[in-house]
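Chains as they are written, first to last, in the numbering used here: chain E, 161 to 498; chain H, 245 to 321.
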Amino acid sequence: MNPSIQAIEFELPTGVLTNQDLAAEFSGWTAEQIQSKTGIEQRRIAVPGEMASDLAFRAADRLLGRGVIPRDDVDALLYCTQSPDYFLPTTACLLQDRLGLPTTVAALDFNLGCSGYVYGLGLATGLIRSGQARNLLLITADTYSRFLHPADRSTRTIFGDAAAATLLRVGADEDGLPGPFVYGTDGRGAPNLIVPAGGLRQPRAEGDGMVTDKNGNPRSENHLFMNGPEIFNFTLRVVPSTVETLLAKSGLRLDQVDLFVFHQANRFMLEHLRKRLNIPSEKFVISMQDCGNTVSSSIPIALATAARVGQLVRGMKVMLLGFGVGYSWGGTIIRWTQ
Amino acid sequence: MTRPEFHRLLETEIGLSPGTIQGQELLKDIPKWDSLAVLSFIALVDTQFRTQVSVDDITACKSIADLERLLAAHLST
């Protein structure tokens with residue numbers, strides 16, 4: 161039994177943060193410079209009281225409203241988020257109720273960021289191939305904006321909030337796709353993309369004061385810290401080798417992959433990887449200008465957008481690669497059947 | 245790669261006019277040497293030499309000469 165992606169819907173919040181807004185807040189950067197370096201023109205930001213699960217609900221509700229399958233046929237819900245409603249209960253349980261899914265559904269959260277969609281596809285593939293599920297909803301959602309310090313321009317220029325819902329069902333094609341899956345983890349990278357305080361390891365700090373560390377980076381224990389250069393080095397270490405491993409395991413040559421959809425981190429990094437890997441620009445999706453880096457939703461949003469504009473068409477073999485916070489990374493190859 | 249060739253590549257990567265870098269400069273005196281320039285330097289090293297330089301080592305550099313010392317194995321005199 162082979163899973164295939166039947167539908168993707170994504171949801172962006174109504175709040176908008178433009179490059180003009182950022183240039184007005186932070187001296188020394190123009191809107192044009194921000195766009196040039198990041199490839200982002202605007203980020204969508206959750207409004208007060210709007211949770212990642214609200215975005216997730218709207219994306220999934222709209223997908224199910226298309227009538228691809230009856231809600232009662234959904235038998236598994238995987239929710240990837242680093243912005244849960246509560247420490248407990250599981251946010252996927254709340255989504256089961258809101259979406260009106262049957263109580264026979266298996267529902268769970270998993271905590272991953274940039275690699276989350278690929279891991280989700282892997283989990284979904286395992287559940288479907290083992291016969292434990294036939295109609296699976298994979299939802300990714302985050303509101304990283306809630307973790308960002310207002311004075312940290314390095315993160316505020318990059319991250320946007322979003323959710324994406326993907327329906328996977330047992331498909332007709334028996335070509336071994338999605339797959340193979342290549343995963344990786346290196347916890348030494350944890351300090352380079354982290355919200356230090358607010359969990360159980362380190363309680364939330366009093367006040368939101370920002371200090372400058374020895375490397376000149378602004379730091380606030382209650383907010384997201386991102387060491388951009390370290391993360392860039394990490395991607396250069398793992399992405400080319402992961403692509404090579406995926407190709408070797410799948411028996412494909414690079415030119416036999418029709419489209420490459422990597423985690424939409426920022427345009428500078430993606431363009432460098434594209435050139436490094438000798439991937440033609442027409443086969444390489446860069447699609448973050450209207451929403452920023454949406455963490456685990458970046459790949460499904462890029463897929464849906466590429467399909468909408470005709471860059472992704474039925475029958476294409478697509479390499480997906482997610483990499484980032486953790487450090488965690490994963491890659492796979494899918495066939496687009498829509 | 246010669247040192248002048250490295251200077252020209254670095255100028256191109258971080259958006260400086262050719263000839264801005266001569267080799268004796270302190271990084272703090274180079275216009276546009278900022279966090280984005282560090283990313284550009286990492287990209288340059290990866291493209292030209294297929295290697296990575298540690299961020300701590302880059303941060304410890306105070307001058308163009310320090311950057312050149314990081315790449316000593318790849319630069320000819």
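Note that the Cβ used here is the ideal one computed from N, Cα and C, for glycine as well.
Is it buried or exposed, residue i, if we count other Cβ atoms within 10 angstroms and call 16 or more buried?
{"i": "residue 300 (chain H)", "result": "exposed"}
{"i": "residue 259 (chain E)", "result": "buried"}
{"i": "residue 242 (chain E)", "result": "buried"}
{"i": "residue 256 (chain E)", "result": "buried"}
{"i": "residue 179 (chain E)", "result": "buried"}
{"i": "residue 373 (chain E)", "result": "exposed"}
{"i": "residue 371 (chain E)", "result": "exposed"}
{"i": "residue 360 (chain E)", "result": "exposed"}
{"i": "residue 192 (chain E)", "result": "exposed"}
{"i": "residue 248 (chain H)", "result": "exposed"}
{"i": "residue 286 (chain E)", "result": "exposed"}
{"i": "residue 275 (chain E)", "result": "buried"}
{"i": "residue 289 (chain H)", "result": "buried"}
{"i": "residue 270 (chain H)", "result": "exposed"}
{"i": "residue 232 (chain E)", "result": "exposed"}
Cα-Cα, which of the options is closest to residue i?
{"i": "residue 305 (chain H)", "options": "H:277, H:288, H:293", "result": "H:277"}
{"i": "residue 384 (chain E)", "options": "E:339, E:181, E:462, E:310", "result": "E:310"}
{"i": "residue 451 (chain E)", "options": "E:199, E:185, E:227", "result": "E:199"}
{"i": "residue 283 (chain E)", "options": "E:393, E:177, E:162", "result": "E:162"}
{"i": "residue 169 (chain E)", "options": "E:494, E:288, E:269, E:328", "result": "E:328"}
{"i": "residue 387 (chain E)", "options": "E:405, E:355, E:466, E:216", "result": "E:355"}
{"i": "residue 165 (chain E)", "options": "E:489, E:484, E:474", "result": "E:474"}
{"i": "residue 303 (chain E)", "options": "E:425, E:380, E:209", "result": "E:209"}
{"i": "residue 225 (chain E)", "options": "E:363, E:189, E:313, E:325", "result": "E:325"}
{"i": "residue 202 (chain E)", "options": "E:191, E:414, E:177, E:425", "result": "E:177"}
{"i": "residue 294 (chain H)", "options": "E:353, E:412, E:437", "result": "E:437"}
{"i": "residue 218 (chain E)", "options": "E:392, E:339, E:301, E:426", "result": "E:301"}
{"i": "residue 248 (chain E)", "options": "E:434, E:270, E:232, E:231", "result": "E:270"}
{"i": "residue 358 (chain E)", "options": "E:410, E:351, E:366", "result": "E:366"}
{"i": "residue 345 (chain E)", "options": "E:295, E:339, E:398, E:455", "result": "E:398"}
{"i": "residue 466 (chain E)", "options": "E:222, E:267, E:364, E:443", "result": "E:443"}
{"i": "residue 449 (chain E)", "options": "E:347, E:472, E:266, E:320", "result": "E:320"}
{"i": "residue 496 (chain E)", "options": "E:184, E:338, E:196", "result": "E:338"}
{"i": "residue 417 (chain E)", "options": "E:405, E:425, E:439, E:433", "result": "E:439"}
{"i": "residue 364 (chain E)", "options": "E:294, E:401, E:403, E:307", "result": "E:307"}
{"i": "residue 238 (chain E)", "options": "E:253, E:407, E:314", "result": "E:253"}
Closer than 9 Å by beta-carbon distance: list the chain H residues that pair up with residue i, in chain order.
{"i": "residue 423 (chain E)", "result": "Those do not exist, as residue 423 (chain E) stays about 17 Å from chain H at its closest Cβ, beyond 9 Å."}
{"i": "residue 186 (chain E)", "result": "Simply none; closest approach about 13 Å."}
{"i": "residue 397 (chain E)", "result": "296"}
{"i": "residue 197 (chain E)", "result": "280, 283"}
State the start and end residues of the unbroken alpha helix (DSSP H) segment that holds residue i.
{"i": "residue 408 (chain E)", "result": "388-410"}
{"i": "residue 256 (chain H)", "result": "247-258"}
{"i": "residue 179 (chain E)", "result": "179-185"}
{"i": "residue 310 (chain H)", "result": "308-314"}
Distance, Cα to Cα, residue i vs residue j?
{"i": "residue 246 (chain E)", "j": "residue 240 (chain E)", "result": "14 Å"}
{"i": "residue 312 (chain H)", "j": "residue 298 (chain H)", "result": "14 Å"}
{"i": "residue 181 (chain E)", "j": "residue 235 (chain E)", "result": "44 Å"}
{"i": "residue 212 (chain E)", "j": "residue 457 (chain E)", "result": "11 Å"}
{"i": "residue 302 (chain H)", "j": "residue 263 (chain E)", "result": "55 Å"}
{"i": "residue 174 (chain E)", "j": "residue 204 (chain E)", "result": "7 Å"}
{"i": "residue 491 (chain E)", "j": "residue 470 (chain E)", "result": "23 Å"}
{"i": "residue 307 (chain H)", "j": "residue 266 (chain H)", "result": "11 Å"}
{"i": "residue 251 (chain H)", "j": "residue 279 (chain H)", "result": "18 Å"}
{"i": "residue 362 (chain E)", "j": "residue 349 (chain E)", "result": "18 Å"}
{"i": "residue 342 (chain E)", "j": "residue 422 (chain E)", "result": "14 Å"}
{"i": "residue 284 (chain H)", "j": "residue 254 (chain H)", "result": "8 Å"}
{"i": "residue 369 (chain E)", "j": "residue 186 (chain E)", "result": "18 Å"}
{"i": "residue 273 (chain E)", "j": "residue 379 (chain E)", "result": "21 Å"}
{"i": "residue 289 (chain E)", "j": "residue 279 (chain E)", "result": "15 Å"}
{"i": "residue 435 (chain E)", "j": "residue 393 (chain E)", "result": "16 Å"}
{"i": "residue 430 (chain E)", "j": "residue 382 (chain E)", "result": "29 Å"}
So residue i contacts chain H; which residues on that side make the cut at Cβ distance below 8 Å?
{"i": "residue 436 (chain E)", "result": "290, 291"}
{"i": "residue 314 (chain E)", "result": "279"}
Anything in chain H within Cβ reach of residue i, meaning under 7 Å, just list it in chain order.
{"i": "residue 388 (chain E)", "result": "279, 283"}
{"i": "residue 441 (chain E)", "result": "Chain H residues near residue 441 (chain E): none, gap ~16 Å exceeds 7 Å."}
{"i": "residue 477 (chain E)", "result": "Within 7 Å Cβ-Cβ: nothing; residue 477 (chain E) doesn't reach chain H, min ~27 Å."}
Could you give the first and the last residue of the continuous beta strand (DSSP E) run that contains residue i?
{"i": "residue 166 (chain E)", "result": "162-171"}
{"i": "residue 285 (chain E)", "result": "Unbroken run through residue 285 (chain E) is the alpha helix (DSSP H), 276-289; no beta strand (DSSP E)."}
{"i": "residue 477 (chain E)", "result": "477-484"}
{"i": "residue 328 (chain E)", "result": "322-331"}
{"i": "residue 146 (chain E)", "result": "Outside the displayed range of chain E (161 to 498) lies residue 146 (chain E), so it cannot be described from this structure."}
{"i": "residue 495 (chain E)", "result": "488-495"}
{"i": "residue 206 (chain E)", "result": "Careful: residue 206 (chain E) lies outside any beta strand (DSSP E) and carries neither H nor E."}
{"i": "residue 347 (chain E)", "result": "No beta strand (DSSP E) contains residue 347 (chain E), which DSSP labels as neither H nor E."}
{"i": "residue 421 (chain E)", "result": "419-422"}
Can you pull the chain E neighbours of residue i, defined as C-beta to C-beta under 8 Å?
{"i": "residue 322 (chain H)", "result": "Limits of chain H in this structure are 245 at one end and 321 at the other, which puts residue 322 (chain H) out of reach."}
{"i": "residue 287 (chain H)", "result": "392, 428, 432"}
For residue i, which residues in chain E fall below 9 Å Cβ to Cβ?
{"i": "residue 302 (chain H)", "result": "389"}
Between residue i and the ligand HEM, is there a pair consisting of the residue's CB and a ligand heavy atom that are separated by less than 7 Å?
{"i": "residue 249 (chain E)", "result": "In terms of ligand content, the structure shown is empty, and the ligand HEM therefore cannot be addressed."}
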